[in-house]
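Working notes, structure below.
2 protein chains.
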Amino acid sequence: MSLQDSHLQPSQVEAFYLGNFAGPSFVGQNHLAPYVAAAAGISGVPCTRFEAACASSGSAFFHAVTAVAAGVYDIVVAAGVEKMTSQPTPRVTEILASAGDLGGEIRAGATFPALFAMIARRHMYEYGTTREHLAAVAVKNHAHGFKNPAAHLRKLITLEQALAGKMIADPLTIYDCSLVSDGAAAVVIVPLERASEFTRKPARVLGIAQTSDHLALDQKESITTFGAVRAAGEKAYKMAGLSAADVQFAELHDCFTIAEIVATEDLGFCPKGEGGPYAAQGATSLGGARPVNTSGGLKSKGHPVGATGAAQICDIVIQIRGEAGERQVARNEIGLAQNLGGSGATAVVTILGKV
Amino acid sequence: MSLQDSHLQPSQVEAFYLGNFAGPSFVGQNHLAPYVAAAAGISGVPCTRFEAACASSGSAFFHAVTAVAAGVYDIVVAAGVEKMTSQPTPRVTEILASAGDLGGEIRAGATFPALFAMIARRHMYEYGTTREHLAAVAVKNHAHGFKNPAAHLRKLITLEQALAGKMIADPLTIYDCSLVSDGAAAVVIVPLERASEFTRKPARVLGIAQTSDHLALDQKESITTFGAVRAAGEKAYKMAGLSAADVQFAELHDCFTIAEIVATEDLGFCPKGEGGPYAAQGATSLGGARPVNTSGGLKSKGHPVGATGAAQICDIVIQIRGEAGERQVARNEIGLAQNLGGSGATAVVTILGKV
């Protein structure tokens, strides 16, 4: 579809970057990059799978953009894919846990809901964040996703429903957790001066960075902030010559509601510790000062892990093109995407703008 | 160890490229790049896992070299790792099979020994290749590996032993198959003009290419030649301004003996169909016209899948530095490494030379 949208023949593609987290575990197929590329008619060129947990296709996109910017290639496809629903839920949880620190936290019984529950609990302790703040993020993202025809779960929920949801890992209820989804997304990357050959509505990468940190929570300096996200944000802002104040809308990695709250703080959308009230007061809602996850986010649009980073880029581009329909933001010149791997061991931040 | 060898501090490393095929399946740990990097003291920079089946670290090296050559980074580590022996053999075979076409050939009962047995049988039919030709490759690589202190299986074998080996997939005996190994390798990549800061004995990348093809054998034009290897070889030769005749020694991907024979043909070391006699006559032995796999190859040095591509580069560099001891080649100015993913869906060819 991205090839059609850009009037590209598969034979024109010079390299294929595929983000996929755990295809071998979910469906048994490894060596996925040439496999998927050949199905799309792309062959003979470098076809490579990038794995960085839930930031796999964010990382594929980062490396693809870097290669095109450096003049290595002119026409690159960066895609992401994950098929998760073929496994039963306990096995999905186990596969997802392999993105955490196996020897330490996972073998001790932690799963990702448990890890993010600890982050939420500590954020509550340090900053007074409440369950209502978390639930406000869920209500907002479900309301956004309800307007997105491509969302996985189009379902409006109330604050009361979110608060009364089944408890998964205290204080996170089922409504604080993102979805187990199947999905794919792809982006075509070309040099700016050639963009008009392929589309009448290009978007421009203004800044991009990938960074890393330790896997285990107990090895991080703090668990209420992600150092990798802050560092990636700073690098991307610097490359773009922009600051947080310039970002008009964003797709943030809401694998859990607390993750979106922490991201709004780490990226400088609001002061540290104020991400909960910031969301609850409507700043990140459609019509608010800086809409976040107008796609519905991982909560409602869905979280096919390896596809999420590329899908975020697609959603930012849809907004920049003014093609978001009912969920269109008013100020759509500059958008930011933030993709998180595991509990913050990988972070990719991209700032996109109108050409 | 590669950091020590190059007098590098971990904080100087600007990006970390890790090749790993199936860590999640072998040991349960995914998201391996920041995990391994942090253990080496590298953090905060892009740390990314590259997966391209048995060519995973060949691909990591290709992308790292490309990034340094394009001026994106100055100091990059490309590494590879695989820990295979923690699983029982039938499970290892199953995990390796995930690099083939799952829906077609693997679910039909094929494993990698079976796929390469078909390649060998067809090569015999088309070109008169014999079991003695295959066995000659095994005898040679075991003789080479016997001289390599770092080899996994240091064991001399005779032609008679190789021919009388336990049949795995007719015509391939146990001696035609590479090893199930644990291992890791790493390479430091810097711009040529900075090499003297880090080592007195640098090697230079003269040419490098990664290419792709269909996964399934029945979708390839021929199964007695790997189109991806030929294409990668042609590109690498062109980049280096060299031809096959200029290559003095090589590390070729002998996952099975037939694979080394086909590679010597596909890379132009000998005419098509003559790879068997070429090996049997000693051309590829130490002291021969063009020694191949002086490390012992995947047969004797071992085949920790995700580490193999990076290990091949290390072995070429050891020869170029003149540090190969008993297995040192006489003409060590130009060496070639060929890394194969699956049954040829990915190929990486690198030509290295003295600075």
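Sequence lines, in order, name chains A and B. According to our numbering, the first sequence is numbered sequentially starting from 1. According to our numbering, the second sequence is numbered sequentially starting from 1. C-beta atoms are modelled at their ideal positions from N, C-alpha and C, and glycine is treated no differently.
Anticipated Cβ contact below 8 Å, residue i with residue j, distance rounded
i: A138 of chain B; j: T48 of chain B; result: With a Cβ gap of about 36 Å, A138 of chain B and T48 of chain B do not count as contacting.
i: S290 of chain B; j: Q338 of chain B; result: The amino acid occupying residue 290 of chain B in the given sequence is Arg; Ser does not appear at that position. 13 Å between Cβ atoms; not a contact.
i: P34 of chain A; j: A15 of chain A; result: Not confirmed; about 12 Å, so no contact.
i: E286 of chain B; j: R327 of chain B; result: The residue you asked about is not Glu; residue 286 of chain B is Leu in the sequence shown. About 6 Å; that satisfies the 8 Å criterion.
i: A357 of chain B; j: S98 of chain B; result: Lying outside 1 to 355, the shown extent of chain B, residue 357 of chain B is not represented and no answer is given.
i: I208 of chain A; j: F62 of chain A; result: 6 Å
i: S2 of chain B; j: V187 of chain B; result: 6 Å
i: S25 of chain B; j: P24 of chain A; result: 6 Å
i: A369 of chain B; j: G58 of chain B; result: The question about residue 369 of chain B has no answer, for chain B in this structure spans 1 to 355.
Closer than 8 Å to chain A by CB, residue i
i: A87 of chain B; result: Looking at the sequence shown, residue 87 of chain B is not Ala but Gln. Not an interface residue.
i: R91 of chain B; result: no
i: E51 of chain B; result: yes
i: P24 of chain B; result: yes
i: V45 of chain B; result: yes
i: S57 of chain B; result: no
i: S98 of chain B; result: yes
i: G342 of chain B; result: yes
i: A431 of chain B; result: Because chain B spans 1 through 355 in this model, residue 431 of chain B falls outside it and cannot be assessed.
i: A263 of chain B; result: no
i: A38 of chain B; result: yes
Distance between residue j and residue i (C-alpha atoms, nearest Å)
i: V205 of chain B; j: V348 of chain A; result: 30 Å
i: G100 of chain A; j: Q219 of chain A; result: 12 Å
i: M84 of chain B; j: Q319 of chain B; result: 27 Å
i: Y17 of chain B; j: A164 of chain A; result: 45 Å
i: M239 of chain A; j: G80 of chain A; result: 25 Å
i: A53 of chain A; j: T346 of chain B; result: 23 Å
i: T294 of chain B; j: D170 of chain A; result: 58 Å
i: R131 of chain A; j: A231 of chain A; result: 28 Å
i: G313 of chain A; j: A70 of chain A; result: Position check: residue 313 of chain A holds Ile in this sequence, whereas Gly was assumed. Going from the Cα of I313 of chain A to the Cα of A70 of chain A covers about 20 Å.
i: A310 of chain A; j: G183 of chain A; result: 11 Å
i: I259 of chain B; j: A244 of chain A; result: Note that residue 259 of chain B corresponds to Ala in the displayed sequence, not to Ile. One C-alpha to the other measures close to 54 Å.
i: L172 of chain A; j: G109 of chain B; result: 45 Å
i: L352 of chain A; j: E251 of chain A; result: 11 Å
i: L192 of chain B; j: F198 of chain B; result: 11 Å
i: A236 of chain A; j: L242 of chain A; result: 8 Å
i: M118 of chain B; j: T93 of chain B; result: 17 Å
i: P202 of chain A; j: E221 of chain A; result: 40 Å
i: G41 of chain B; j: L156 of chain A; result: 46 Å
i: V180 of chain B; j: I168 of chain B; result: 14 Å
Chain B contact for residue i (CB, 8 Å cutoff)
i: L102 of chain A; result: yes
i: A64 of chain A; result: no
i: Y35 of chain A; result: yes
i: E160 of chain A; result: no
i: T48 of chain A; result: yes
i: Q319 of chain A; result: no
i: T308 of chain A; result: no
i: Q12 of chain A; result: no
i: F112 of chain A; result: no
i: K332 of chain A; result: With the sequence shown as reference, residue 332 of chain A is identified as Asn, and Lys is not the correct amino acid for it. By this cut-off, N332 of chain A is not an interface position.
i: N30 of chain A; result: yes
i: G381 of chain A; result: A question about residue 381 of chain A goes unanswered here, because the residues of chain A that appear run from 1 up to 355.
i: S21 of chain A; result: Here residue 21 of chain A is Phe; the residue named in the question, Ser, does not match the sequence. Yes, F21 of chain A counts as interfacial toward chain B.
i: A289 of chain A; result: no
Reduced DSSP category for residue i - H, G, I as helix; E, B as strand; rest coil
i: L18 of chain B; result: strand
i: M239 of chain B; result: helix
i: N30 of chain A; result: coil
i: Q299 of chain B; result: Before going on, a small fix: residue 299 of chain B reads as Lys here, not Gln. Three-state DSSP puts K299 of chain B in a helix.
i: V329 of chain B; result: coil
i: N141 of chain B; result: helix
i: S395 of chain A; result: Because chain A spans 1 through 355 in this model, residue 395 of chain A falls outside it and cannot be assessed.
i: S2 of chain B; result: helix
i: A283 of chain B; result: coil
i: V45 of chain A; result: coil
i: R200 of chain A; result: coil
i: C270 of chain A; result: coil
i: C314 of chain B; result: helix
i: Q12 of chain B; result: helix
i: G208 of chain B; result: According to the sequence as given, residue 208 of chain B is Ile; it is not Gly. Three-state DSSP puts I208 of chain B in a strand.
i: V72 of chain B; result: coil
i: T225 of chain A; result: coil
Near the ligand HEM: residue i beta-carbon under 7 Å from a heavy atom
i: I316 of chain A; result: Among the components of this structure there are no ligands whatsoever, and the ligand HEM is therefore not found.
Problem - chain B contacts made by the region 202–230 of chain A, where a contact means CB separation under 7 Å - result: Listed by position, the residues of the region 202–230 of chain A near chain B (Cβ gap below 7 Å) are Q210, T211, S212, D213, H214, L215.
Exercise for the section: Select from the region 64–79 of chain A all residues with a C-beta closer than 9 Å to any C-beta belonging to chain B, and list them in chain order. Expected result: Near chain B, meaning a CB-to-CB distance below 9 Å, the residues of the region 64–79 of chain A are T66, A67, A69, A70, G71, V72.
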